[in-house]
Amino acid sequence: MRVIDRTSPGPRGFTLVELLVVITIIGILIALLLPAVQAAREAARRLQCQNHLKQLGLAMLSHEEAHGFFPTGGWGWGWTGDPDRGTGREQPGGWTYPILPFLEQQALHDLGADGKPDEITDVQRDGALERDQTPLTMFICPSRRRPIVYPRPRNMLYANGRNVDRAASLDYAANAGDCSPRFYWGPSDLGAASSYDWNTSGVQDCTGIALPHSEIGIAEIKDGTTNTYMLGEKYLSPDHYLDGWDNTDDFGVYEGFAHDMNRYCDYYDTANGIGRTPRQDQTGQLLFNHFGSPHSGACNFVLCDGSVRPISYSIDPLTHSRLGNRKDGAAIDASKL
Numbered sequence: 094m095r096v097i098d099r100t101s102p103g104p105r106g107f108t109l110v111e112l113l114v115v116i117t118i119i120g121i122l123i124a125l126l127l128p129a130v131q132a133a134r135e136a137a138r139r140l141q142c143q144n145h146l147k148q149l150g151l152a153m154l155s156h157e158e159a160h161g162f163f164p165t166g167g168w169g170w171g172w173t174g175d176p177d178r179g180t181g182r183e184q185p186g187g188w189t190y191p192i193l194p195f196l197e198q199q200a201l202h203d204l205g206a207d208g209k210p211d212e213i214t215d216v217q218r219d220g221a222l223e224r225d226q227t228p229l230t231m232f233i234c235p236s237r238r239r240p241i242v243y244p245r246p247r248n249m250l251y252a253n254g255r256n257v258d259r260a261a262s263l264d265y266a267a268n269a270g271d272c273s274p275r276f277y278w279g280p281s282d283l284g285a286a287s288s289y290d291w292n293t294s295g296v297q298d299c300t301g302i303a304l305p306h307s308e309i310g311i312a313e314i315k316d317g318t319t320n321t322y323m324l325g326e327k328y329l330s331p332d333h334y335l336d337g338w339d340n341t342d343d344f345g346v347y348e349g350f351a352h353d354m355n356r357y358c359d360y361y362d363t364a365n366g367i368g369r370t371p372r373q374d375q376t377g378q379l380l381f382n383h384f385g386s387p388h389s390g391a392c393n394f395v396l397c398d399g400s401v402r403p404i405s406y407s408i409d410p411l412t413h414s415r416l417g418n419r420k421d422g423a424a425i426d427a428s429k430l
């Protein structure tokens with residue numbers, strides 16, 4: 094016969110104190126782990142952003158190889174892309190438009206084609222609107238927002254398009270050079286384009302790679318492709334990532350030369366050593382002409398040789414302006430990047 098010891102203790106549960114200790118330890122571990130997870134995610138997003146710039150830079154170089162010049166800066170912020178007007182000076186759309194075929198987006202490029210380059214038709218206007226409302230992943234920095242359609246509450250109108258009340262967005266800008274910022278709406282209509290003063294305010298004398306009515310080839314990059322900015326991330330206020338009220342993010346993706354499409358690198362206060370250096374996006378601050386980024390520490394650029402590199406927010410302002418000038422002949426001090 095088996096003897097049962099009824100005095101041995103049975104299974105017991107956690108006490109309240111033990112449970113609280115376990116919960117506290119788990120909370121501490123989560124608190125320690127969360128920043129690491131967030132940092133890993135941001136590192137992945139930063140790398141994806143660099144890959145987007147790499148794609149855009151290669152498309153720009155492919156355009157230059159095919160046509161002998163980088164994409165034009167377009168006609169001004171009052172115009173958008175026209176599939177019937179080629180890829181050079183007669184193309185009113187900005188730099189993003191002529192590179193679409195080199196991004197495997199030929200069909201998007203051709204929306205609105207009507208075979209009438211000297212006439213603005215409803216077919217063309219409707220195609221331009223559809224194009225602006227088609228998001229492209231490579232135009233968006235993943236640390237900032239998603240590639241979707243966003244509100245455009247100013248409901249602005251292109252000369253050759255429709256009112257844009259919502260549109261895809263663009264987080265990258267072409268280098269306009271180291272001169273002071275200047276932009277214009279462009280000719281009032283197609284007829285006025287033939288006699289328009291494209292160098293209003295001296296904008297065509299700027300030193301970047303995409304300017305109004307421009308056809309700038311690699312041979313004109315006198316300082317060398319490794320020493321000249323091509324494209325970079327553009328500064329935006331976090332207050333307006335999603336609502337379309339930032340003046341540099343309030344229209345479509347393919348407009349001519351404008352704040353939305355181009356940024357400057359001018360060294361505008363030599364006495365105090367202040368320049369238009371890249372800035373990290375900051376709540377409550379609107380900057381219309383700076384390159385910039387949501388990333389900490391540095392802003393991503395692609396140079397005219399197609400290489401991508403981060404440029405520190407603390408870059409020497411004079412060095413930054415020299416990287417924006419394709420032909421100043423000044424040496425670049427790598428220690429000041």
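Those letters in the sequence shown? Residues 94 to 430, per my numbering, in order.
Each residue gets a CB set at the ideal place from its N, CA and C atoms; glycine is no exception.
All values derive from a computational prediction rather than experimental measurement.
Reference residue 403; option with closest CA among 397, 392, 161 = Translated into positions along the sequence shown, residue 403 becomes position 310. The option with the nearest alpha carbon to residue 403 is 392.
Can you tell me whether residue 301 is buried or exposed, with buried defined as 16 or more other CB within 10 angstroms of its CB?
-> Against the sequence shown, residue 301 aligns to sequence position 208. Buried is the call here.
Where in the stretch 341-421 do unbroken runs of the alpha helix (DSSP H), each at least 4 residues long, occur, reported from the N-terminal end onward?
-> For the stretch 341-421, the full-length alpha helix (DSSP H) segments reaching 4 residues or more read 410-417 along the chain.
By how many angstroms is the C-alpha of residue 260 removed from the C-alpha of residue 225?
-> Taking the sequence shown and counting its residues from 1, one reaches residue 225 at position 132. Taking the sequence shown and counting its residues from 1, one reaches residue 260 at position 167. If I take the Cα positions, the gap works out to 5 Å.
Would you check if the distance between the CB atom of residue 337 and the CB atom of residue 244 is smaller than 8 Å?
-> Within the sequence shown, numbered from 1, the residue matching residue 337 stands at position 244. Within the sequence shown, numbered from 1, the residue matching residue 244 stands at position 151. Yes, Cβ-Cβ distance for residue 337 and residue 244 is below 8 Å.
Residues bridged to residue 326 [DSSP beta-bridge criterion] | The count along the sequence shown starts at 1 and reaches residue 326 at position 233. Paired residue(s): 265.
If you compare alpha carbons, which of 161, 252, 295, 133 is closest to residue 269?
-> Here the question's residue 269 lines up with position 176 in the sequence shown. Residue 295 is the option with its Cα nearest to residue 269.
Is residue 257 helix, strand or coil when you go by DSSP?
-> Counting from one through the sequence shown, the residue named residue 257 turns up at place 164. Residue 257 falls in the strand class under three-state DSSP.
Is residue 169 closer than 8 Å to residue 347 when the C-beta atoms are compared?
-> Within the sequence shown, the letter at position 254 stands for residue 347. Within the sequence shown, the letter at position 76 stands for residue 169. Cβ distance not < 8 Å, so residue 347 and residue 169 don't count as in contact.
Could you give the C-beta distance for residue 329 and residue 374, rounded to a whole number, given that I count them as a contact under 8 Å?
-> As a position in the sequence shown, residue 329 is number 236, starting the count at 1. As a position in the sequence shown, residue 374 is number 281, starting the count at 1. Rounded, the Cβ-Cβ distance is 6 Å, consistent with contact.
With a cut-off of 8 Å on the beta carbons, I'd call residue 310 and residue 162 a contact; round off their distance for me.
-> Mapped onto the sequence shown, residue 310 falls at position 217. Mapped onto the sequence shown, residue 162 falls at position 69. Contact holds; Cβ gap of about 4 Å.
Exposure of residue 114, with buried meaning 16 or more beta-carbon neighbours within 10 Å | As a first step, residue 114 is located in the sequence shown; it is residue number 21 there, counting from the start. That one is exposed.
Is residue 323 near residue 397, with beta carbons less than 8 Å apart?
-> Working through the sequence shown from its first residue, we reach residue 323 at position 230. Working through the sequence shown from its first residue, we reach residue 397 at position 304. Result yes, Cβ atoms of residue 323 and residue 397 sit closer than 8 Å.
Report the rounded CA-to-CA distance for residue 410 versus residue 430, giving the unit in angstroms.
-> In the sequence shown, the residue the question calls residue 410 occupies position 317. In the sequence shown, the residue the question calls residue 430 occupies position 337. Residue 410 and residue 430: Cα-Cα distance of roughly 9 Å.
Hey, could you find the ends of the alpha helix (DSSP H) residue 218 is sitting in?
-> As a first step, residue 218 is located in the sequence shown; it is residue number 125 there, counting from the start. Start and end: 215-225.
DSSP-derived helix/strand/coil call for residue 138 | Working through the sequence shown from its first residue, we reach residue 138 at position 45. In the three-state scheme derived from DSSP, where H, G and I count as helix and E and B as strand, residue 138 is classed as helix.
Start and end residues, beta strand (DSSP E) containing residue 283 | As a position in the sequence shown, residue 283 is number 190, starting the count at 1. No beta strand (DSSP E) contains residue 283, which is instead part of the alpha helix (DSSP H) from 283-286.
Confirm, please, whether the CB-CB distance from residue 384 to residue 371 is below 8 Å.
-> Against the sequence shown, residue 371 aligns to sequence position 278. Against the sequence shown, residue 384 aligns to sequence position 291. The Cβ-Cβ distance between residue 371 and residue 384 falls below 8 Å.
Contact set for residue 275: own chain, Cβ-Cβ below 6 Å, skip 5 residues either direction = As a working note, residue 275 is residue 182 in the sequence shown. Taken in chain order, the residues that qualify are 294, 296.
Could you check where the alpha helix (DSSP H) with residue 250 kicks off and where it finishes?
-> As a first step, residue 250 must be located in the sequence shown, where it is residue number 157. Unbroken run through residue 250 is the beta strand (DSSP E), 243-250; no alpha helix (DSSP H).
Indicate the three-state DSSP secondary structure (helix, strand or coil) for residue 119 in the structure shown.
-> As a first step, residue 119 is located in the sequence shown; it is residue number 26 there, counting from the start. The answer is helix: DSSP assigns residue 119 an H, G or I state.
Taking Cβ to Cβ, would you say residue 469 is nearer than 8 Å to residue 354?
-> The structure shown does not extend to residue 469, since the chain is modelled only from 94 to 430, so the question has no answer here.
Taking C-beta to C-beta, are residue 166 and residue 316 nearer than 8 Å?
-> Taking the first residue of the sequence shown as position 1, residue 166 is located at position 73. Taking the first residue of the sequence shown as position 1, residue 316 is located at position 223. Going by C-beta atoms, residue 166 is not nearer than 8 Å to residue 316.
Under the three-state DSSP convention, the category residue 195 falls into | Residue mapping note: residue 195 aligns to position 102 of the sequence shown, counting from 1. The DSSP-derived three-state label of residue 195 is helix.
Which same chain residues, not among the five before or five after residue 252, have their C-beta less than 6 Å away from its C-beta?
-> Residue 252 sits at position 159 when you count from the first residue of the sequence shown. Around residue 252: 171, 172.
DSSP state of residue 183 mapped onto helix, strand, coil | Taking the first residue of the sequence shown as position 1, residue 183 is located at position 90. Looking at residue 183 - three-state DSSP - the assignment turns out to be coil, as it is neither helix nor strand.
For residue 266 versus residue 356, is the C-beta spacing smaller than 8 Å?
-> Along the sequence shown, read from residue 1 onward, the residue named residue 266 stands at position 173. Along the sequence shown, read from residue 1 onward, the residue named residue 356 stands at position 263. Taking 8 Å as the Cβ cut-off, residue 266 and residue 356 qualify as a contacting pair.
Contact belief for residue 152 with residue 196 at Cβ below 8 Å, rounded distance in angstroms | Position 59 of the sequence shown, counting from 1, holds the residue named residue 152. Position 103 of the sequence shown, counting from 1, holds the residue named residue 196. Indeed they touch by this definition, with Cβ atoms about 5 Å apart.
Please classify residue 133: does DSSP put it in a helix, a strand, or coil?
-> Residue numbering aside, residue 133 sits at position 40 when the sequence shown is read from its first letter. Assignment of residue 133 by DSSP, reduced to helix, strand and coil, places it in the helix class.
Exposure of residue 320, with buried meaning 16 or more beta-carbon neighbours within 10 Å | Residue numbering aside, residue 320 sits at position 227 when the sequence shown is read from its first letter. Residue environment: residue 320 is assigned as buried (16 or more neighbouring CB atoms within 10 Å of its CB, all protein chains considered).
Tell me whether residue 145 sits in a helix, a strand or coil according to DSSP, three-state version.
-> Translated into the one-based positions of the sequence shown, residue 145 becomes position 52. Three-state DSSP puts residue 145 in a helix.
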